[in-house]
Amino acid sequence: MDPHILLKLFQGIETLFASSPTIIIGRLGLMLLGMLLVYLGKKEVLEPLLMIPMGLGMCAVNAGVLFLSPGVQGTLFVDPLISETGQLMNILQIDFLQPLYTLTFSNGLIACLVFMGIGVLLDVSYVLARPFESMFLALCAELGTVATFPIAVAAGLSYNDAASISMVGGADGPMVLFTSLTLSKNLFVPITVVAYLYLGLTYGGYPYLIKLLVPRRLRGIKPAPPKKIIVVSSGEKLAFCVIAGTVLCLLFPVAAPLFLSLFVGVAVKEAGLTHFVEFIGGPILYGSTFFLGLLLGVLCEANTILNPQILTLLLLGILSLLLSGIGGIIGGYLLYFLKRGKYNPVIGIAGVSCVPTTAKVAQKSVMEVAPEVLILPEALGANISGVITTAILAGIYITLIPLLR
Amino acid sequence: MIPAGRRRYWVAGTILAFVGVGIARLLPQACAPDVQRYIRPLGVLLALGGIFVIMLGTKRKL
Chain A
0 MDPHILLKLF QGIETLFASS PTIIIGRLGL MLLGMLLVYL GKKEVLEPLL MIPMGLGMCA
60 VNAGVLFLSP GVQGTLFVDP LISETGQLMN ILQIDFLQPL YTLTFSNGLI ACLVFMGIGV
120 LLDVSYVLAR PFESMFLALC AELGTVATFP IAVAAGLSYN DAASISMVGG ADGPMVLFTS
180 LTLSKNLFVP ITVVAYLYLG LTYGGYPYLI KLLVPRRLRG IKPAPPKKII VVSSGEKLAF
240 CVIAGTVLCL LFPVAAPLFL SLFVGVAVKE AGLTHFVEFI GGPILYGSTF FLGLLLGVLC
300 EANTILNPQI LTLLLLGILS LLLSGIGGII GGYLLYFLKR GKYNPVIGIA GVSCVPTTAK
360 VAQKSVMEVA PEVLILPEAL GANISGVITT AILAGIYITL IPLLR
Chain B
0 MIPAGRRRYW VAGTILAFVG VGIARLLPQA CAPDVQRYIR PLGVLLALGG IFVIMLGTKR
60 KL
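So the protein sequences, as listed, match chains A and B.
Sequential numbering of the first sequence, starting at 0, is according to numbering that gives the first Met the number 0.
Sequential numbering of the second sequence, starting at 0, is according to numbering that gives the first Met the number 0.
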């Protein structure tokens, strides 16, 4: 019996043998990486809500390559590179995830929906109660977002691609997705995948960075109790959303969808619209997160993601996130010195806006050495400020980069 | 909706923020390109400063 008949029975394997060695290694490697992501998600080393659909999507898309016509390989999942209207209408009826991709992903809607959900979870009173400290730490924790840009340009990336990969330092997935969709359409898949993989790593990697940079003695410092209890009414929080949202949209209209999504989430919560809060914080947030993970997974097809620049992006992404973490801790140290030792420098890491992961990481690191010390309110203030400063930086990049030509 | 003790911060911050927006987005159109380069960031800073003034107001104990 001709062994080729067996190969033809399993087109996924036949297409593997018909590919170039780079694609064969890429497909096998991505399938293994997908399995690893599912495993790490299950073990909660990485964020399971994203990693389990993403990992399985990666396995399936790289295994399920078939011959669409003689000599032409493809999948029945999604084709992100189609731009011609006739082809798009055709593929919308063939690829099962194409409608979702075309109508929610490539226009940034899914990022905005996740952002609305984040808005519903935020409580801006943590920021309003301690604006100086929170905003200062958030600004320090943008070190990676700012410093990686010139490094990326020096590494040979265009201004647009450099700005998109620098946003990984903001540690905010929807923001990286939105910026890369706007600025670098050709690289948004690898940039977003790199971003989400690394965001999963913050949970596992930042505790080690804290241990490396903050001595055990300082990690146990109890922050000075507030001199006064500050009460911020829901009316004030709502008014703040309206004014801050309007001003930021006027300043950075290109990032207005992001600002609206964030502040509308906060606004419905503060207005006491419980049905909306349950809807946005439940089905919208979890539904978008699930499909975001699944789409990111199926976008990791070897032919799409194996870009010559991927290694540069991997290095720049981790550098950006590392610098942001270091910047946050430097901010924490500066406040420690300004407050004459009555401030825990670990809080600084929460300025990195991975809500609420970095705040939880900070609290957990402190509790390991001093279980009675509570830094969560300060950490959440910095964390929420981080979301706002990252959105502002996204707005600055999206507005200014096109002017740099 | 906004307590009386904090109202002046809200008013000052809101005015400052919108004046900043005006300086950043409207004024440069009437200026020479060299001047625009300095006016835009100044307006943005002023607008963000306005939002910060509002935050300072909410920090006040009533």
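We put the beta carbon where it would ideally sit given N, CA and C, even for glycine.
Just so you know, these numbers come straight off a predicted model, no measurement behind them.
- The beta carbon of I309(A) sits closer than 6 Å to those of P189, all from its chain and outside the five residues before and after it, given in chain order.
- For F66(A), the enclosing beta strand (DSSP E) starts and ends at L65 to S68.
- One thing to note: L392(A) has its Cβ no nearer than 8 Å to the Cβ of I164(A).
- Note that the C-beta distance between F251(A) and T398(A) is below 8 Å.
- Within the same chain, R218, I328, V345, I348, V360, A361 and S364 come within 8 Å of I209(A) by CB-CB distance, once the 5 residues on both sides are set aside.
- For the segment 29-53 of chain B, residues whose beta-carbon sits nearer than 9 Å to a beta-carbon of chain A comprise G42, V43, A46, L47, G49, I50, F51 and I53.
- The beta-bridge partner set that DSSP reports for Q72(A) consists of F66(A).
- One thing to note: I383(A) has its Cβ no nearer than 8 Å to the Cβ of V113(A).
- Just so you know, the alpha carbons of P47(A) and M174(A) end up roughly 20 Å apart.
- Within the segment 14-29 of chain B, A16, F17, G19, V20, A23 and R24 place their CB atoms closer than 8 Å to a CB of chain A, listed in sequence order.
- Under the Cβ criterion of 8 Å, E269(A) is not counted among the residues facing chain B.
- Counting along the chain, R24(B) sits inside the alpha helix (DSSP H) bounded by residues A3 to R24.
- Annotation for F114(A): the continuous alpha helix (DSSP H) segment containing it runs L108 to L120.
- Close CB contacts of V20(B) within its chain, under the 8 Å cut and outside five residues either way in sequence, are with G42 and A46 (chain order).
- Contacts with chain B (Cβ-Cβ distance below 8 Å) from the segment 216-234 of chain A involve K227, I228, I229, V230, V231, S232 and G234, listed in chain order.
- Only exposed fits M88(A), as fewer than 16 other CB atoms lie within 10 angstroms of its CB.
- Its Cα nearest to that of I317(A), the residue G199(A) stands out among C139(A), L136(A), L108(A) and G199(A).
- Contacts with chain B at 8 Å (Cβ-Cβ) include P130(A).
- Residue state for C240(A) is assigned as helix, using DSSP reduced to three classes.
- By the neighbour-count definition (other C-beta atoms within 10 Å, threshold 16), I14(B) is an exposed residue.
- Cβ neighbours of F289(A) within its own chain (closer than 7 Å, five residues either side excluded): P52.
- Between M115(A) and the set G394(A), L67(A), V386(A) and I395(A), the nearest pair of CA atoms involves V386(A).
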